[in-house]
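The block underneath contains the structure these notes are about, expressed in structure tokens.
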Amino acid sequence: MDEDAGALPKKQDFSEWYNELLWRAEIMDVRYPVKGLYVWFPYGFAIRKFVYQRLRELLDRDHKETLFPLLIPEQEFMKEAEHIKGFEDEVYWVTHGGTTPLDVKLALRPTSETAIYPMFALWVRSHADLPIKIYQVVNTFRYETKQTRPMIRAREITSFMESHTVHATWDEAEAQVESEIALTREFYQSLCIPIIISKRPDWDKFPGADYTIAVDTIMPNGKTLQIGTVHHLGDHFSRTFSIQYEDKNGEQKVAFQTCYGISERCIAALISVHGDDKGLILPPVVATLQAVIVPITIGKRHDDVIAAAEKLKIDLEANGFRVKLDARDMRPGAKYYWWELRGVPLRLELGPRDLDAGKAMAVKRCGGKTTISFATAADDVTRVLGEITEDIREKAEEHMKSHLCTVDSMDALNSALNAGKVVVVHWCRERGCGDAIEEKANSSLLGTDVRSDYIEATDGPCIICGKPGKATLVGRTY
RNA sequence: GGGGUAGUAGGGUAGCCUGGUCCAUCCUAGAGCGUUUGGGACGCUUUGACGGCGGUUCGAAUCCGCCCUACCCCA
Numbered sequence: 025m026d027e028d029a030g031a032l033p034k035k036q037d038f039s040e041w042y043n044e045l046l047w048r049a050e051i052m053d054v055r056y057p058v059k060g061l062y063v064w065f066p067y068g069f070a071i072r073k074f075v076y077q078r079l080r081e082l083l084d085r086d087h088k089e090t091l092f093p094l095l096i097p098e099q100e101f102m103k104e105a106e107h108i109k110g111f112e113d114e115v116y117w118v119t120h121g122g123t124t125p126l127d128v129k130l131a132l133r134p135t136s137e138t139a140i141y142p143m144f145a146l147w148v149r150s151h152a153d154l155p156i157k158i159y160q161v162v163n164t165f166r167y168e169t170k171q172t173r174p175m176i177r178a179r180e181i182t183s184f185m186e187s188h189t190v191h192a193t194w195d196e197a198e199a200q201v202e203s204e205i206a207l208t209r210e211f212y213q214s215l216c217i218p219i220i221i222s223k224r225p226d227w228d229k230f231p232g233a234d235y236t237i238a239v240d241t242i243m244p245n246g247k248t249l250q251i252g253t254v255h256h257l258g259d260h261f262s263r264t265f266s267i268q269y270e271d272k273n274g275e276q277k278v279a280f281q282t283c284y285g286i287s288e289r290c291i292a293a294l295i296s297v298h299g300d301d302k303g304l305i306l307p308p309v310v311a312t313l314q315a316v317i318v319p320i321t322i323g324k325r326h327d328d329v330i331a332a333a334e335k336l337k338i339d340l341e342a343n344g345f346r347v348k349l350d351a352r353d354m355r356p357g358a359k360y361y362w363w364e365l366r367g368v369p370l371r372l373e374l375g376p377r378d379l380d381a382g383k384a385m386a387v388k389r390c391g392g393k394t395t396i397s398f399a400t401a402a403d404d405v406t407r408v409l410g411e412i413t414e415d416i417r418e419k420a421e422e423h424m425k426s427h428l429c430t431v432d433s434m435d436a437l438n439s440a441l442n443a444g445k446v447v448v449v450h451w452c453r454e455r456g457c458g459d460a461i462e463e464k465a466n467s468s469l470l471g472t473d474v475r476s477d478y479i480e481a482t483d484g485p486c487i488i489c490g491k492p493g494k495a496t497l498v499g500r501t502y
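Right, dumping it as structure tokens:
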């Protein structure tokens, strides 16, 4: 037998592994004939559904979900100068209605500030209208010129959660930024994805923002992936779009705003951080199927085994688990590989021997075997899924810890980066030294004000000029 | 942004320069039948393609033009 039969490329060949896995595990089809646009397979879309369900649950605590149009008229889009500068090279324009050229070109939203804020100007009248906290999950379009990759750099972002808030004061907006950061932490905690939070350097902040807080994770090849950003917009947009309110004293005041975004990159991270050489590994919260029952059917016992498996399935489903009974006419081994590739966290094997013992073999996707008994199936599965979640989280945290380090010289920075690490250095926050670090180490300054559970962020002398510096995260990015 | 290479069935390849064939070929692909089944079973039968549009030609996967897409290298 061919040992390599059906094998994925190894995860250490990350790029190949990722592309092949998306195809084989039926997450995305890259063959759509427009560059940078991809098709969700039903299985991948189901993962998306559970991930975004989790995100919505968190947001719904104090945001309201809305939906704004895809098209933005040119005048509105062009109002905020800095904002335009950041996006003008990557906007798609609708220029015709049928064969008739449009009087006013319409932009396909690259992000929705300029769609939403003119409406905020109408909605906000009094201090009693504030705060406003809304979000939407939409597709956005950017004409990317760099190499596109499914879910990581696409021309259509299919699943962009963007939240937009309006507040009476700058401080209140800042508090909102912190609350969005906490929400992001909680979201990624539930996906078992470790993150690092930092404040992007000024030249890399969101066009039109006071400051940008970014959330990054580390991919298997050591590159960082930005999987969330929170922006304090100050009053830049509210001045441009005249978002004003009348305060308690009857005075007109300009409002302050934040916005915040998470895209399907969170799914790219989910797949990449947890997967292994055999395929996907999905944390139970977002697994399309949390357990698959594979009946081992031989000869006369066939009907008995199937009946017991069906009973187990019904029992587990009644307790709220997402379960499938795989009764296809395939060899059991082939089914194991099939579901391992697709990341199902728990496999329950049920054959004649197990039937007699009143138990099923429980094999964890992340490694390890145990048994569950029919009598206490729901409790046993709850316990085992909990163990799996913890295992997945621990492995992901290990990966992050082992890919983070602190250095105090350019040489050490270069060798750490070449070894696939993300690095904390000290930087004086002068643009010149920042450019020097980026250029000499062929890397990006991810941010200052580093917040991470996995590495200490202390002050120290700038590694370029030696003046007092602050902890700064440096990495090679997607 | 600049340059290069390539698109042939579900996937992988040959064929192209030098236009023509009866059966291209390999596989973890599809369909069908049978025997199997505690870690990727096997046998037999069979389906299916030249990225798109246009041109040259009696005849195009092959030659010409435009477009689309993918990958690699350099900035």
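Position in the first sequence (from 1) plus 24 gives the number in my numbering. Glycine included, C-beta positions come from ideal geometry on N, C-alpha and C.
Run through the DSSP bridge pairs and tell me what residue i is partnered with.
i      : result
Gly240 : Note that residue 240 corresponds to Asp in the displayed sequence, not to Gly. BP columns for Asp240 point to Ile220, Gln250.
Thr1   : The requested residue 1 is not part of the displayed model; the chain covers only 25 to 502.
His191 : Phe280
Met185 : Val161, Ile286
Gly258 : Gln281
Thr138 : DSSP, once it has assigned bridges, lists no residue as partnering Thr138.
Glu270 : Ser150, Gln276
Val58  : Its beta-bridge partners do not exist; DSSP assigns none.
Thr501 : Thr248
Lys383 : Ser397
Lys388 : Leu370
Leu340 : Paired residue(s): none; Leu340 is not in a bridge.
Asp53  : Val63
Leu8   : In this structure the chain extends from 25 to 502, so residue 8 is not present and cannot be described.
Val446 : Leu428
Mind checking which residues open and close the alpha helix (DSSP H) that includes residue i?
i      : result
Lys413 : According to the sequence as given, residue 413 is Thr; it is not Lys. Counting along the chain, the alpha helix (DSSP H) containing Thr413 begins and ends at 401 to 426.
Glu373 : Glu373 -> not in any alpha helix (DSSP H); beta strand (DSSP E) instead, spanning 370 to 374.
Lys359 : 356 to 365
Lys324 : No alpha helix (DSSP H) contains Lys324, which DSSP labels as neither H nor E.
Leu215 : Segment: none, Leu215 is in no alpha helix (DSSP H) and carries neither H nor E.
Phe38  : 38 to 48
What would DSSP say about residue i, mapped onto helix, strand or coil?
i      : result
His87  : coil
Thr430 : strand
Glu180 : strand
Ala29  : Legend: pLDDT at Ala29 = 46, less than 50; position of this residue unreliable, value from coordinates given subsequently. Ala29 falls in the coil class under three-state DSSP.
Gly232 : coil
Lys494 : strand
Arg453 : coil
Pro464 : Note on residue identity: the sequence assigns Lys, not Pro, to residue 464. Helix.
Gly458 : helix
Glu483 : At residue 483 the sequence reads Asp, which differs from the Glu that was named. Looking at Asp483 - three-state DSSP - the assignment turns out to be coil, as it is neither helix nor strand.
Leu304 : coil
Arg173 : strand
Ile156 : strand
Thr264 : helix
Asp226 : helix
Glu168 : coil
Lys335 : helix
Lys34  : coil
Ile488 : coil
Ala311 : coil
Arg352 : coil
Starting from residue i, follow the beta strand (DSSP E) in both directions and report where the run begins and ends.
i      : result
Leu556 : Residue 556 lies beyond the residue range present for the chain, which begins at 25 and ends at 502; the question has no answer from this structure.
Arg149 : Where Arg149 is concerned, there is no enclosing beta strand (DSSP E), given that its DSSP letter is neither H nor E.
Lys393 : 393 to 397
Ser476 : Per DSSP, Ser476 belongs to no beta strand (DSSP E) and is neither H nor E.
Ile317 : 315 to 319
Run through the stretch 68 to 133 for me and flag every whole beta strand (DSSP E) of 3 or more residues, listed as ranges in chain order. Listed in chain order, the complete beta strand (DSSP E) runs (minimum 3 residues) inside the stretch 68 to 133 are 95 to 97, 117 to 121, 124 to 132.
Stretch pair the stretch 262 to 273 + the stretch 162 to 170: three plus CB contacts closer than 8 Å: no
Segment contact, 8 Å Cβ cut-off, at least three pairs: the stretch 95 to 106 with the stretch 68 to 75: no
With a threshold of 8 Å, are at least 3 pairs of Cβ atoms found where one atom belongs to the stretch 288 to 297 and the other to the stretch 338 to 350? no
Would you say the stretch 135 to 155 touches the stretch 41 to 58, given that touching needs at least three Cβ pairs under 8 Å? no
Would you call the stretch 220 to 228 in contact with the stretch 473 to 481, where contact means no fewer than 3 C-beta pairs closer than 8 Å? yes
Within 8 Å, do at least three Cβ pairs link the stretch 327 to 334 to the stretch 245 to 260? The stretch 245 to 260 is not in contact with the stretch 327 to 334.
Any chance the stretch 456 to 464 sits against the stretch 413 to 428, with 3 or more Cβ pairs inside 8 Å? no
Are the stretch 195 to 211 and the stretch 433 to 450 touching by the rule of at least three beta carbon pairs closer than 8 Å? no
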